[in-house]
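Numbering (the numbering used here), first residue to last: 3 to 243.
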């Protein structure tokens, strides 16, 4: 389910953030002075990264016309999902593999590095996906939900802009989000073709076979992930408050 993927993406970002901040390419002024010392991500960047990563955790399901991502921006994302479904060979094929994880991360990094407008469009899309995944919208009102999402997405993006959020980490966040999605789907009964184009489906742990949308995910996994994300936010942000 969408909210499980989004929350797992945010959680994985918050777990990885300290290590990512140590990378010279993300370190800002300190990294320019010495290649092994880097400044930490700002609180705004930490939050922005969690939101973006949560949205990126929805990207692999763009191959399913009935998925949360396909309904986020109404007909636009629905048509896009139909195209991706056709290109990838159906649900849980190319977009649920290491190939897609790397391609999405590298492609996003190149886009952000070379085309600021394209970077901003990507960030807006991922914010919208994150908001939709956690339940922002009006039940059974696709168009209304899309309009609500667009308004909140624009407000969130402008808030990040007002806090001078940098996006050197954008490609990494997208890759981490996609990785969280694929790892999560590998725990379900259908698994994922991690080494696509090889067709073998991987299941982690072996033959665990969880069923999506059932009581375990709705009553336990979703709430547990919410607690984990809130706890990680508290741990990461408390030292700077």
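Built from N, CA and C at the ideal position, the CB exists for glycine as well.
Residue i versus residue j: straight-line alpha-carbon distance, rounded
i           : j           : result
residue 152 : residue 70  : 15 Å
residue 90  : residue 65  : 7 Å
residue 226 : residue 109 : 32 Å
residue 173 : residue 145 : 30 Å
residue 104 : residue 164 : 30 Å
residue 113 : residue 124 : 9 Å
residue 4   : residue 132 : 9 Å
residue 201 : residue 195 : 6 Å
residue 81  : residue 240 : 43 Å
residue 17  : residue 134 : 23 Å
residue 158 : residue 126 : 9 Å
residue 237 : residue 22  : 16 Å
residue 85  : residue 57  : 20 Å
residue 102 : residue 136 : 23 Å
residue 98  : residue 175 : 17 Å
residue 96  : residue 73  : 21 Å
residue 169 : residue 223 : 30 Å
residue 230 : residue 160 : 27 Å
Endpoints, the alpha helix (DSSP H) within which residue i is located
i           : result
residue 124 : 118-135
residue 167 : Looking at the DSSP string, residue 167 is not in any alpha helix (DSSP H), and its letter there is neither H nor E.
residue 99  : Segment: none, residue 99 is in no alpha helix (DSSP H) and carries neither H nor E.
residue 89  : 77-90
Three-state secondary structure assigned by DSSP to residue i
i           : result
residue 198 : coil
residue 60  : coil
residue 44  : coil
residue 36  : Residue confidence is low: residue 36 scores 33 on pLDDT, short of 50, so the model does not pin down where it sits. No coordinate-derived value is stated.
residue 1   : Because the chain here runs from 3 to 243, residue 1 falls outside it and cannot be looked at.
residue 138 : coil
Residues bridged to residue i [DSSP beta-bridge criterion]
i           : result
residue 70  : None, per the DSSP bridge assignment.
residue 204 : 194
Identity of the residue in the options nearest residue i by Cα
i           : options            : result
residue 75  : 231, 183, 149      : 149
residue 138 : 102, 232, 154, 56  : 154
residue 78  : 100, 119, 130, 50  : 130
residue 14  : 190, 194, 186, 205 : 186
residue 121 : 167, 228, 88       : 167
residue 162 : 100, 229, 54, 9    : 54
residue 198 : 184, 191, 189, 85  : 184
residue 19  : 223, 189, 179, 188 : 179
residue 204 : 119, 170, 177, 100 : 100
residue 128 : 44, 223, 62, 232   : 62
residue 192 : 93, 115, 72        : 93
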